[in-house]
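Engineer: Residue numbers (the numbering used here), protein chains in the order written: chain W, 246 to 310; chain L, 246 to 310.
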């Protein structure tokens with residue numbers, strides 16, 4: 246993680262039960278805490294590195310290529 | 246949001262200050278709460294709809310195409 250400890254803010258979010266469960270599974274598999282995975286998720290999302298559910302993925306890829 | 250209210254769990258995460266700031270900006274622009282955006286981020290991440298920072302995006306797109 247690049248951010249220094251003092252740059253982290255404690256945030257509360259309401260998260261779907263299935264996502265919490267999935268984060269725990271990924272945490273076990275990857276040996277990374279669920280909190281770290283949530284942080285990566287939010288960082289990727291705010292950096293625009295996320296494919297939306299509805300979006301035409303081929304079109305998104307054309308823009309990236 | 247598809248999930249029912251009773252399927253949401255209150256979770257605490259440590260989030261980089263710059264991501265919290267970015268979520269607030271996106272929230273203002275899109276007229277969606279920062280909490281909803283964080284939820285979308287985590288849902289997208291756990292569904293594998295995220296491009297990692299290091300990953301070759303062209304290669305990822307080739308797989309999607």
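Even glycine gets a Cβ: it sits at the ideal position worked out from N, Cα and C. What you are looking at is a predicted structure, and each value in this text was computed from that prediction instead of being measured.
State the CB to CB distance for the pair residue 290(W) and residue 282(L), rounded to an integer number of angstroms; the pair is presumed to be in contact (CB under 8 Å).
Structural biologist: 7 Å
Engineer: Output needed in chain order: residues of the stretch 254-287 of chain L with a Cβ under 8 Å from some Cβ in chain W.
Structural biologist: 254, 255, 256, 257, 258, 259, 260, 261, 262, 263, 264, 265, 267, 268, 271, 280, 282, 283, 284, 285, 286 and 287
Engineer: Does the separation of the CB atoms of residue 280(W) and residue 258(L) fall below 8 Å?
Structural biologist: yes
Engineer: In terms of residue numbering, what span does the alpha helix (DSSP H) encompassing residue 265(L) cover?
Structural biologist: 262-275
Engineer: To the nearest angstrom, report how far apart residue 263(W) and residue 275(L) are at their CA atoms.
Structural biologist: 25 Å
Engineer: Leaving out the 5 sequence neighbours to the left and right, which residues in its chain are closer than 6 Å to residue 286(W) when beta-carbon positions are compared?
Structural biologist: Close CB contacts of residue 286(W) within its chain, under the 6 Å cut and outside five residues either way in sequence, are absent.
Engineer: Sorted by chain position, which residues of the same chain lie with C-beta nearer than 8 Å to residue 269(W)'s C-beta, five sequence neighbours on each side aside?
Structural biologist: The answer, listed in chain order, is 279.
Engineer: The alpha helix (DSSP H) spanning residue 280(L) covers which residue range?
Structural biologist: 279-291
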